[in-house]
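Heads up, the working numbering is the position in the sequence shown plus 28, with the first residue counted as 1.
All C-beta atoms, glycine included, are put in the ideal place defined by N, C-alpha and C.
Please read these numbers as outputs of a predicted model, since none were measured by experiment.
Everything on this sheet refers to the single structure shown next.
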Amino acid sequence: MPHLTPGGGGASPPYRDALPLAARPRAAPRPAGSAGLGVGVPGYAHPLVAPVEWAELTRPAVPLHWAVLNVADGPGDRPDPHCLDAAGRLTNARLRVLGHLDLAYGGRPLEEIVADARRFLDWYRVGGFYLDRCPAGRAELPGVRRTTATLEALLDGAPGGAGDGGYIVLGQGIHPHPGYAGAADQLVTFSGPWSDYRWSQTAAWTADYPPERFVHLVHGVPRTRLDEAFRAARRLGAGTVFFTDRTGAVDPFAAMPGFWDAFVSRVGPCVSE
């Protein structure tokens with residue numbers, strides 16, 4: 029899964045001409061019975077390659093807000109039995125699975141995105157979508173709003189749909205124009221390395237929203253800095269996080285963190301390490 033340029037550092041843009049925010053209320057990402065920070069998994073490797081990673085997500089101690097299913101840069105050309113099994117296990121455990129949709133920074137036609145979304149719904153019964161490489165500027169905002177509105181309608185009409193538009197996360201990886209807050213349930217306002225995250229700052233407009241609206245994805249976190257990373261997440265107003273010690277140019281989020289038990293014990297109910 030491709031990731032975006034690190035965000036959060038430096039002063040936020042002035043945004044004096046911010047568009048009005050949509051009035052539609054957005055659902056909190058927390059599963060029943062959880063509190064505080066939760067886990068968002070942006071895209072483990074294929075379940076055949078990472079079976080332990082996918083199995084761990086159904087462990088009762090993991091306060092999972094959502095996990096992204098990315099079969100082959102999207103849903104693939106046909107149903108994948110291993111992905112069907114992994115997604116089914118999460119769904120049967122009443123956990124949220126999001127289908128991975130690549131917006132290519134606004135370069136993909138809406139009909140292509142909708143076609144991928146339909147495959148995710150028909151084959152894997154996902155409960156929402158993660159819009160990777162989502163644009164962040166004001167000029168692209170109307171197009172993203174059209175996309176999310178279309179996806180919400182598809183989710184409403186899907187078998188077993190709750191009529192609430194499902195769940196949509198925008199994967200910008202930086203602080204976008206504030207109007208995007210009205211276009212989705214959550215925004216990924218940071219995706220990048222620990223070396224940037226530890227010095228990052230939040231955009232002033234995010235103070236108008238609860239932490240449940242924001243996601244931070246951080247790789248290259250040393251185990252000795254895990255507590256510091258959690259303090260930073262709370263300071264920066266994130267409600268959903270994924271911290272990993274993995275590094276690499278391909279995808280550091282594809283495998284389970286080496287400190288998985290320590291991570292889970294700090295983000296939710298205690299587990300033995």
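- The C-alpha of residue 255 is placed about 44 Å away from the C-alpha of residue 139.
- Within the same chain, 130 come within 7 Å of residue 101 by CB-CB distance, once the 5 residues on both sides are set aside.
- For the pair residue 263 and residue 124, the Cα-to-Cα distance works out to about 26 Å.
- Assignment of residue 158 by DSSP, reduced to helix, strand and coil, places it in the strand class.
- Here residue 277 is exposed: its Cβ has fewer than 16 other Cβ atoms, across all protein chains shown, within 10 Å.
- Around the C-beta of residue 103, 16 or more other C-beta atoms lie within 10 Å, and the residue is accordingly described as buried.
- With 16 or more other Cβ atoms from the protein chains shown falling within 10 Å of its own Cβ, residue 222 counts as buried.
- One Cα belongs to residue 165, the other to residue 208, and the distance between them is close to 9 Å.
- By the beta-carbon neighbour count (other beta carbons within 10 angstroms, threshold 16), residue 273 is buried.
- Check the Cα spacing between residue 171 and each of 134, 159 and 146: the tightest is with 134.
- By the Cβ-count criterion, residue 288 is buried, with 16 or more other Cβ atoms from all chains shown falling within 10 Å of its own Cβ.
- About 7 Å separates the CB atoms of residue 197 and residue 243; that is less than 8 Å, so the two are in contact.
- For residue 268, DSSP records a beta bridge to 66 and 243.
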